[in-house]
Each structure stands twice: as structure tokens, then as C-alpha cells.
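Here's the structure we're looking at; comments come further down.
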Amino acid sequence: MGYIYYESFSNPIGNGNLNEILQYMAICDGIIIDVRNNGGGNLSNSSTLASRFTNEKVLTGYIRHKTGKGHSDFSDPEPIYLESSKQIRWQKKVVVLTNRHAYSATNDFVNSMRYLPLVTTVGDQTGGGSGMPFSSELPNGWSVRYSASPHFDAEMNQIEFGIDPDVTVNMEKNDEDKGIDTIIETARKLIKN
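When we follow the UniProt record's numbering, the leftmost residue of the sequence shown carries the number 1, and every step to the right adds one.
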């Protein structure tokens, strides 16, 4: 089984590198993609990676854009689709590992992946924060950052506050003391079955 740890979606990801990784892992029965503690980054990196795990265009959510000064001045929901890559695509099981420290573009990645048929998400709820962030400084010098464009899943559920995994798993203290990652072990069992 293969294992990919993606530390930050700020780190670029290229099609050539993805082709090489997927070819190298072709002998594996499945892949574990670990995005725990990934604070986010570039949404295009999220989409580039997720596009390798679908053979067709998939509706993954909706976004609403701010249209005025009023509290509820937002556009109608606009659909967000994940396009299938024209490059090498993975056709076997995938388990995505998540936790409460997975934010922004990582939240978007987890949301996209959970709509794909061979994917299972495992771990804890993501940290959220998918909407387009807006930052500003208040007159008193404080900084404020918020989602200016709320992001929803394909069923129009708010995902700004995190996404629950398909399988919730917490690190077991006994395992942790022995250097065993309970969440990875659960992922391994899911791929083997």
C-alpha cells in the first residue's frame, strides 16, 4: 500500500511528479493520503491532486460571493465541479487522513475527495475555513480574517466549520506510547478489506 503525506497545499504539485508517484504506486492495493495538520494553501494544488482520483466531472459543492454591504447580500449559490485529470488517474482504494488542524484548501480537498467512489476519509473533523478568506485591519490595529465567500458541500451544507470523516478515529494512548499511529492502522485495515 502507498502512503503520501502532503504537508501544505502551499507547496506546488506538478503533473509530472504526480504521474511518477502514481506509476510507482501502481503495484499497491491502495493509497493513504495524509493531510493531517495541513493548514491549507493554494486551491489549485488541492484540485490538481483530487483530479487524479476521478474519471468524470463531479459536483463537489457551491460557493456564494458577497454582492453588497448588507449582512445577507450574497449571490445565488454557484456550483463547484472537480474535473477529471487528463493525466494518469488512480483506480483503486484511497483513504484520506484528516484532523482538526486541516484548514482552508485542505478542507476543500477533503470535501472533493469524499464525493469520489473509492475514497474513505478517516480521523477527526477538519478545521474548516474553505471560503475565500478576506483579511483586514481594524482602526484599533487588530487584524480580522473571515470567509468572504461561504463554501457549501454538494448538498448545500455549510463546510466552513469543518467536515466530519466517514470513519472517526482518535489516537489511542496505548498505541501512541508504542509509536503506533491508530489512524494509519485503521486506514491500512480499510484498504486491505
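All C-beta atoms, glycine included, are put in the ideal place defined by N, C-alpha and C.
Predicted model, so just to flag it, every value in this text is computed and none were measured.
- Membership of GLU78 in any alpha helix (DSSP H) is not indicated; the residue belongs instead to the beta strand (DSSP E) covering 78-82.
- Here the segment 63-72 does not lie against the segment 33-41, with fewer than 3 beta-carbon pairs under 8 Å apart.
- According to the DSSP assignment, ARG188 belongs to no beta strand (DSSP E) but to the alpha helix (DSSP H) extending over 182-192.
- Per DSSP, reduced to three states, the secondary structure at ARG145 is strand.
- In this structure, DSSP gives LYS66 an extended state, which the three-state scheme calls strand.
- In the DSSP annotation of this structure, the continuous segment of the beta strand (DSSP E) that includes GLY123 starts and ends at 119-123.
- Along the length of the segment 16-56, whole alpha helix (DSSP H) runs at least 4 residues long occupy 43-50, reported in chain order.
- By the neighbour-count criterion, in which 16 or more other beta carbons inside 10 Å mark a residue as buried, ALA102 falls on the buried side.
- Look at GLU176 here: in three-state DSSP terms it is helix.
- Looking at the backbone, the Cα of VAL144 and that of PHE53 are separated by about 36 Å.
- Sorting MET171, ILE163 and ILE27 by C-alpha distance to the C-alpha of TRP90 places ILE27 at the top.
- By the criterion of at least three beta-carbon pairs nearer than 8 Å, the segment 39-57 is in contact with the segment 106-119.
- Taking the C-beta atoms as reference points, VAL169 is found nearer than 9 Å to ILE183.
- Rounded to the nearest angstrom, the Cβ distance from ILE80 to THR60 is 6 Å, consistent with a contact under 8 Å.
- Non-local C-beta neighbours of ASP29 in its own chain, meaning closer than 8 Å and more than five positions away in sequence, comprise MET1, LYS92, LYS93, ILE191 and LYS192, ordered along the chain.
- The Cβ atoms of ASN107 and SER130 lie closer than 9 Å to each other.
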